[in-house]
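Throughout, our numbering is defined as the position within the sequence shown, counted from one, plus 1. Glycine included, C-beta positions come from ideal geometry on N, C-alpha and C. Quick caveat, the model's predicted, so the values are computed rather than measured.
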Amino acid sequence: MAHTAMSGTGTNAGDDPLQTAVWRLRSRGCWADAAALLDPHATTDPAAALQRAALLGERCLYTEQGWAEAEDALRAAEAVTHTDEERGAAACERGQLAYASTLLKVRDRVDEARSAFGRAAALIAPGAAPRALLDLRRGLMAENLADSPQAARAAYRRAHAGATAHDDALLLSFTWRQLAGLALREGELAEARHGFAESLRLREELGYLVGTAPALVSLAEAEPEPEVAARLRAEAGRLFRLLGGVPTWLAGALPAAA
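Set out below in structure tokens:
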């Protein structure tokens with residue numbers, strides 16, 4: 002299962018207290034609480050409105066709940082955008098929500114996702130920071146809905162280069178993971194292990210707790226030593242239970258609690 006990434010972690014010295022608080026909540030799977038911190042700003046500030054919509058959209062993908070609230074937040078964000086980059090970012094979030102709905106079999110919105118991502122690509126300039134996130138998401142569409150690993154790899158590589166250029170460590174944790182997943186699919190175990198290990202390292206350094214269990218499970222899938230793989234899955238299970246069973250789609254990949 003592949004999921005969403007948003008830029009900005011609130012972990013840099015220059016980040017303002019609001020972003021730091023939002024990140025701490027988001028990284029622990031408290032998306033609604035994080036979104037609530039942005040409520041006072043979201044009616045007039047396009048960046049806050051888009052971030053709020055992205056948080057609630059991410060909650061849908063991790064919990065399979067909250068679709069109506071995410072849709073309302075997205076419509077509100079679309080209503081306050083002014084520039085091409087803001088409109089492009091809103092289109093990227095619409096594409097992601099439609100992708101998540103399709104992937105999790107809530108409702109087939111693949112045409113809406115494809116259209117929204119195309120609109121975002123027309124509005125977000127090549128080389129701009131949001132372009133890397135769009136490339137990642139278009140790669141997810143290609144891999145998981147179109148079954149086109151070659152197109153996915155090209156998109157992931159563009160996203161990886163963009164995340165590197167803009168020093169976006171969280172997004173890099175996603176691009177490493179997706180590229181490693183394709184390597185694993187092709188039987189390239191050493192390459193897969195390296196990518197999954199890099200993804201896990203970045204998430205642990207950032208304190209991205211809600212993304213750490215999936216990273217541990219992915220690394221376990223590429224681990225040739227059964228005992229090591231079992232330890233990785235056991236740690237993933239501990240984190241999964243600590244966070245109240247999030248992400249929901251990970252449940253089937255984890256050992257039962259002792």
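Query                                                                                                                           : Result
Alpha carbon of Leu233 to alpha carbon of Gly253, nearest angstrom                                                              : 15 angstroms
Cβ separation of Ala117 and Ala92, assumed to be a contact under 8 angstroms, to the nearest whole Å                            : 5 angstroms
Residues of its chain near Thr249, where Cβ-Cβ distance is below 8 angstroms and the 5 sequence neighbours each way are ignored : Tyr63, Thr64 and Glu65
Anticipated Cβ contact below 8 angstroms, Ala1 with Arg25, distance rounded                                                     : There is simply no residue 1 to check, as the chain begins at 2 and stops at 259 in what is shown.
Cβ-based burial, His161 [other Cβ within 10 Å; buried from 16]                                                                  : buried
Straight-line gap, Arg242 to Ala198 (C-alpha atoms, nearest Å)                                                                  : 22 angstroms
Within 8 angstroms, strictly: CB atoms of Leu244 and Val211                                                                     : yes
Leu38 - containing alpha helix (DSSP H), residue span                                                                           : Trp32 to Ala43
Proximity to Asp298 [Cα-Cα], best of Asp46, Glu59, Thr45 and Thr44                                                              : The structure shown does not extend to residue 298, since the chain spans only 2 to 259, so no value can be given for it.
Neighbourhood of Glu224 by C-beta distance below 8 angstroms, restricted to the same chain and skipping five residues each side : Arg194, Ala230 and Leu233
Sub-8 angstroms separation of Ala156 and Gly140 beta-carbons                                                                    : yes
Spatial distance of Thr82 from Leu124 (CA atoms)                                                                                : 12 angstroms
Residue range of the unbroken alpha helix (DSSP H) whose run includes Val229                                                    : Pro227 to Leu243
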